[in-house]
Every structure is written in structure tokens, then in C-alpha cells.
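Peer 1:
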Amino acid sequence: MTNKPNILIVYTGGTIGMIKDYKTNALKAFDFSQIVDKIPELQQLNCNITSISFKDPIDSSNMNTSYYVEIVEIIEENYSKFDGFVVLTGSDTMAYTSSAISFMLDNLQKPIIFTGSQLPIGDLRTDAKENLITSIEVASARKNNQPVISEVCLYFEYKLYRANRTTKINAEQFEAFTSMNYPPLAESGVHLTFHEQYIYQPKKETAGLIVRKNLVTDVVILKLFPGITETTVASILNNNNLKGVVLESYGAGNAPNVAWFIKLLEEAINKGIKIINITQCAGGSVILGHYDTSVSLKEMGVISGKDMTTEAAIAKLMYLLSENLTTKQFKNFYEKPLRGEISNKKA
Ligand code: ASP
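Following this note's numbering, the residues of the sequence shown are numbered contiguously, the last one being 348.
1. Can we count GLY14 as close to ligand 1, meaning its CB is less than 7 Å from some heavy atom?
2. Since ASN49 sits in a beta bridge, which residues does DSSP pair it with?
3. Leaving out five residues before and five after THR310 in sequence, what residues of the same chain have Cβ atoms less than 6 Å from its Cβ?
4. Keeping to the same chain, check which residues put their C-beta closer than 6 Å to that of GLY1; ignore five residues upstream and five downstream.
5. Counting pairs of beta carbons, one from the segment 245–253 and one from the segment 291–299, are three or more of them closer than 8 Å?
6. Any contact of the segment 263–281 with the segment 237–250, i.e. 3+ C-beta pairs under 8 Å?
7. Along the alpha helix (DSSP H) that carries GLU1, what are the first and last residues, could you check?
8. Which residues share a DSSP beta bridge with ARG163?
9. Within the present structure, is the beta-carbon of GLY341 separated from the nearest heavy atom of ligand 1 by less than 7 Å?
10. When DSSP labels each residue in this structure, what does ASP293 get in the three-state scheme?
11. Could you check which residue in LEU322, PHE331, ILE343, GLU268 has the C-alpha nearest to that of GLY284?
12. Helix, strand or coil: which one does DSSP assign to ALA253?
13. Taking only three categories from DSSP, how would you classify LEU238?
14. Output needed for ALA30: all residues of its chain with C-beta closer than 7 Å, excluding positions within five of it in sequence on either side, in chain order.
15. Nearest to VAL191 by alpha carbon, out of ILE122, TYR320, ALA260, GLU131?
16. For a test of the three-state rule: what should DSSP assign to PHE334, helix, strand or coil?
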């Protein structure tokens with residue numbers, strides 16, 4: 002064994018793993034165990050590459066929390082053997098999956114880079130090769146014998162983002178993701194440039210990796226729109242199993258202040274349902290109490306999701322609901338950054 006970094010590629014499914022059969026012109030699943038043979042460019046990278054694949058790769062529209070657990074278990078089992086991980090998933094739900102994985106792993110000291118592609122790896126104009134090659138480079142990058150990245154990231158089309166800050170914004174352009182409220186951690190051009198000031202620096206912990214696998218799925222995302230009816234909101238909030246709601250409100254966290262709406266939310270909170278307020282704007286933050294239309298939300302105990310993405314908000318809700326916290330602890334934990342998913346400013 003050399004002292005090159007050891008990188009594990011975890012293939013879960015998605016477009017990236019397809020290759021064209023030139024005889025039939027059909028797309029078929031790519032055998033990731035032969036990745037280095039199929040993409041000879043990978044041999045030029047200064048690392049040892051191993052790959053592992055889901056037995057039955059999935060389209061990421063079928064992603065769910067059991068698959069999240071499968072991903073973290075692969076990482077857990079291989080954590081001590083590898084220096085970095087590249088997780089390939091379909092791009093459709095990649096922001097949700099990578100956000101969730103960021104909460105499921107605590108004390109992370111190694112890079113986990115999610116990537117995928119808009120075109121299959123076997124397509125002539127594919128974006129898959131660049132995404133894969135640079136993700137492996139990022140996962141292998143070291144400075145002073147330490148990994149440059151030790152958090153969960155998403156790399157796509159020349160930009161490395163903190164995963165729990167990302168959203169898929171385009172179904173056809175190669176630039177499929179953005180991170181509106183946090184700058185890229187690295188950019189790839191002629192050089193691969195890391196923006197160190199934005200990269201999470203892990204504490205020199207002695208505690209090892211902590212893996213949390215119990216996510217609570219009795220949650221919902223409720224997006225407001227002008228004209229939403231009392232019957233609709235009531236039928237969602239009166240679901241007996243419901244434990245948490247990500248309320249996508251308007252602008253800086255505003256919602257209708259009509260009596261029926263306030264009453265339904267209050268009743269839900271009194272039943273112990275956690276209500277998280279995030280904005281449906283792509284960028285910016287909730288500021289509870291800034292407008293009259295969010296004062297009652299603040300007073301009744303709605304939790305501020307501040308500048309979190311919907312994807313991070315729902316993942317954090319699933320994670321914290323499994324932690325057996327008091328109402329006060331839940332609010333405190335929810336409103337502070339746990340994995341860099343919230344900006345540290347007053348909101
Ligand atoms: N539908 C695919 C998926 O998310 C698209 C992609 O791979 O980007 O699995």
C-alpha cells in the first residue's frame with residue numbers, strides 16, 4: 002500500500018452510472034467495480050480508488066431514509082480504512098440526501114463529497130467525468146497531512162458547496178445546483194481553488210465518528226400560497242401522527258394573520274407538533290417578528306429556520322425529532338447551526 006489517499010466511491014444510482022451501449026444505443030447501468038478501467042483518466046489521480054455499489058441502484062426519486070441509513074452504514078464500516086468518500090446519487094434529491102447525511106454524522110473528520118451528473122458517464126458530452134474526477138480530487142486533497150475538507154459537500158459543475166446549503170435549481174443545465182446563502186467552498190478552473198475561510202475546520206476531537214440512524218419521518222413541508230384554505234391546512238395539521246412541519250412562508254417569514262390560520266397553528270403547537278418557519282424565497286432569511294404578519298408566529302412558539310434551505314430544514318427536523326429533547330432544547334438546537342447549515346447572524 003502506498004501513502005496515497007484511499008478514496009471510496011459509493012454508487013447509489015442516478016444518471017451518472019449509465020453508459021451507452023453503442024450497438025443498441027440504449028443506456029445501461031455502468032459496472033462501478035471497473036471504474037478505473039473504464040475511465041483511464043482516473044489513473045492519473047494521486048490516490049487509490051475503490052468502489053462499492055448499491056445492490057440495486059436507484060433513481061434518486063426513490064430515495065428515502067432507509068437508503069440514507071444504508072449510505073451512512075457504508076461510510077461507518079469503511080471510515081477507518083479510507084481517507085475520503087465520494088457518494089454518487091441522482092441529482093434530483095441529492096440536496097435532501099446530502100443534507101440529511103450531514104446531520105446523521107457527527108464529529109466528522111473526513112471529506113464526504115456528493116456528486117452526480119445531468120448526462121450519463123458514457124455520453125459524449127457528459128458532465129459526469131469532470132464532476133467525478135474533481136470530486137475525487139477534492140476528497141483526496143490534503144494540507145499539513147490533514148484533509149482540506151472534513152464536512153459533507155456537494156460538487157457539481159466546477160463548484161464545491163456545503164451540502165446542507167444546496168438546492169437543485171435546474172433540470173437541464175449542467176449548473177444544476179446553487180447555494181444562495183453560503184459561498185462555494187472551492188472552485189475548479191485552471192486550478193482547484195479552495196476558499197479556506199468558508200471551510201469548516203473540525204475541532205481536534207478525540208471522540209470518533211458518531212452515526213445517528215433514527216430519523217423521524219412523520220413530518221411535512223407546508224408551502225403557503227395566496228388562497229390556501231382552512232380545510233387544506235387543517236387536514237395536514239390534524240394528522241394524528243404528525244410530529245413536525247416545515248412551514249414555507251413568504252419573504253422574511255410572513256404568513257397570513259387571519260384567525261383560522263393562527264388557531265390551527267396554535268393547536269398544533271399545543272399538541273407538541275414542532276413548526277419550523279423558513280422562507281420560500283431562494284435566498285435570505287426568516288426574521289420572526291420583523292413584520293406584523295410574523296409576530297403571532299413568534300409569540301406562539303414557532304421555531305425560526307432562519308436562512309436554512311427547505312432540504313436542510315426537513316432533514317434537521319427528522320434528525321432532532323429523534324433526539325428526545327424538551328420543547329426548549331429542541332428550539333435551541335434547531336435555531337443554532339449544528340453543521341454550518343445556518344448563518345451565524347441574528348435573526
Ligand atoms: N432522475 C435522476 C435521479 O435523480 C436524475 C439524475 O441522476 O441526475 O436519479
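Cβ atoms here follow ideal geometry from the backbone N, Cα and C, with glycine treated the same way.
Being a predicted model, the structure only gives us computed values, none of them experimental.
Peer 2: Here's the rundown:
1. As a working note, residue 14 is residue 13 in the sequence shown. Within the cutoff, so yes.
2. Translated into positions along the sequence shown, residue 49 becomes position 48. Beta-bridge pairing links ASN49 to ASN7.
3. Numbered from its first residue, the sequence shown carries residue 310 at position 309. Cβ neighbours of THR310 beyond the five flanking positions: THR168.
4. Nothing can be reported for residue 1, as the shown portion of the chain is limited to 2 through 348.
5. yes
6. yes
7. A question about residue 1 goes unanswered here, because the residues of the chain that appear run from 2 up to 348.
8. Here the question's residue 163 lines up with position 162 in the sequence shown. CYS154, per the DSSP bridge assignment.
9. Position 340 of the sequence shown, counted from the start, is the residue given in the question as residue 341. Not so, every heavy atom of ligand 1 lies at least 7 Å from the Cβ.
10. If you number the sequence shown from 1, residue 293 lands on position 292. Three-state result, ASP293: helix.
11. For the purposes of this step, residue 284 is taken as the residue at position 283 of the sequence shown. Of the candidates LEU322, PHE331, ILE343, GLU268, the one whose C-alpha sits nearest the C-alpha of GLY284 is ILE343.
12. Sequence index remark: in the sequence shown, residue 253 carries index 252 (1-based). Correct three-state label for ALA253: coil.
13. Residue numbering aside, residue 238 sits at position 237 when the sequence shown is read from its first letter. It is helical.
14. Here residue 30 refers to the residue found at position 29 of the sequence shown. The residues are GLY18, MET19, PRO58.
15. The residue you call residue 191 lines up with position 190 of the sequence shown. With distances taken between Cα atoms, VAL191 lies closest to GLU131.
16. Counted from its first residue, the sequence shown places residue 334 at position 333. Correct three-state label for PHE334: helix.
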